[in-house]
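**Q** Before I ask anything, let me first share the structure, which is written out below as structure tokens.
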Amino acid sequence: MTSPAAHLVLDGSYDLSGLVVLREDLMRAAGETVDGVLHLDMGGVGAADVGFVQLLLSLDVSLAASGRRLTATASEAVRALFERCGAPLPAVS
């Protein structure tokens, strides 16, 4: 049985100083779906740093290891950041 997708909206700026709170928010949202999908709406993210990328990539791997998956919509700033880092965006629509 698949749980409905959990949905988390991210907006504003994310740098090292805010990653602890973001990690807690992501873990809480990931816990809302046992066998399903966590969807991140990052359309409102205006700026972020490499720590943001690392956190999202780690979340993607963790979800996949437990049979779940991460999907996302992303702002141009997030897309550009992942491209600069040479990292794939998790299942972006």
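Under this note's numbering, residues -9 to 83 are what the sequence shown spells out, in order. Yeah, the Cβ is synthetic: ideal placement off N, Cα and C, and Gly gets one too.
1) Terminal residues of the continuous beta strand (DSSP E) containing Gly33?
2) Please state whether the Cβ-Cβ distance between Asp5 and Gly41 is less than 9 Å.
3) Contact defined as beta carbons within less than 8 Å: I believe Thr61 pairs with Pro80. What is the distance between those atoms, to the nearest angstrom?
4) Closest by CA to Arg84, which one among Leu45, Ala(-4), Val82, Glu73?
5) What does the alpha-carbon distance come out to for the pair Leu46 and Pro78?
6) Looking at the ligand ATP, does it come within less than 8 Å of Ser3, judged from the CB to the closest heavy atom?
7) In whole angstroms, what is the alpha-carbon distance linking Arg69 and Ala55?
8) Can you tell me the Cβ-Cβ gap for Ser65 and Met32, rounded? I've got them flagged as a contact below 8 Å.
9) With distances taken Cα to Cα, identify the nearest neighbour of Asp39 among Val82, Asp50, Cys75, Asp1.
**A** Reading it off the structure:
1) On the sequence shown, position 43 is the one that residue 33 refers to. Run containing Gly33: 27 to 38, per the beta strand (DSSP E) assignment.
2) Counting from one through the sequence shown, the residue named residue 5 turns up at place 15. Counting from one through the sequence shown, the residue named residue 41 turns up at place 51. Contact flag set, yes.
3) Residue numbering aside, residue 61 sits at position 71 when the sequence shown is read from its first letter. Residue numbering aside, residue 80 sits at position 90 when the sequence shown is read from its first letter. So it is a contact: roughly 7 Å between Cβ atoms.
4) With the chain covering only -9 through 83, there is no way to say anything about residue 84.
5) Counted from its first residue, the sequence shown places residue 46 at position 56. Counted from its first residue, the sequence shown places residue 78 at position 88. Looking at the two C-alpha atoms, the distance is approximately 10 Å.
6) Among the ligands in the structure shown, none appear at all, so the ligand ATP cannot be discussed.
7) What you label residue 69 is simply residue 79 of the sequence shown in a count that begins at 1. What you label residue 55 is simply residue 65 of the sequence shown in a count that begins at 1. Using only the alpha carbons, I get a separation of about 24 Å.
8) One-based indexing of the sequence shown puts residue 65 at position 75. One-based indexing of the sequence shown puts residue 32 at position 42. The Cβ separation is near 6 Å, so the contact holds.
9) In the sequence shown, the residue the question calls residue 39 occupies position 49. Cα-wise, what sits closest to Asp39 is Cys75.
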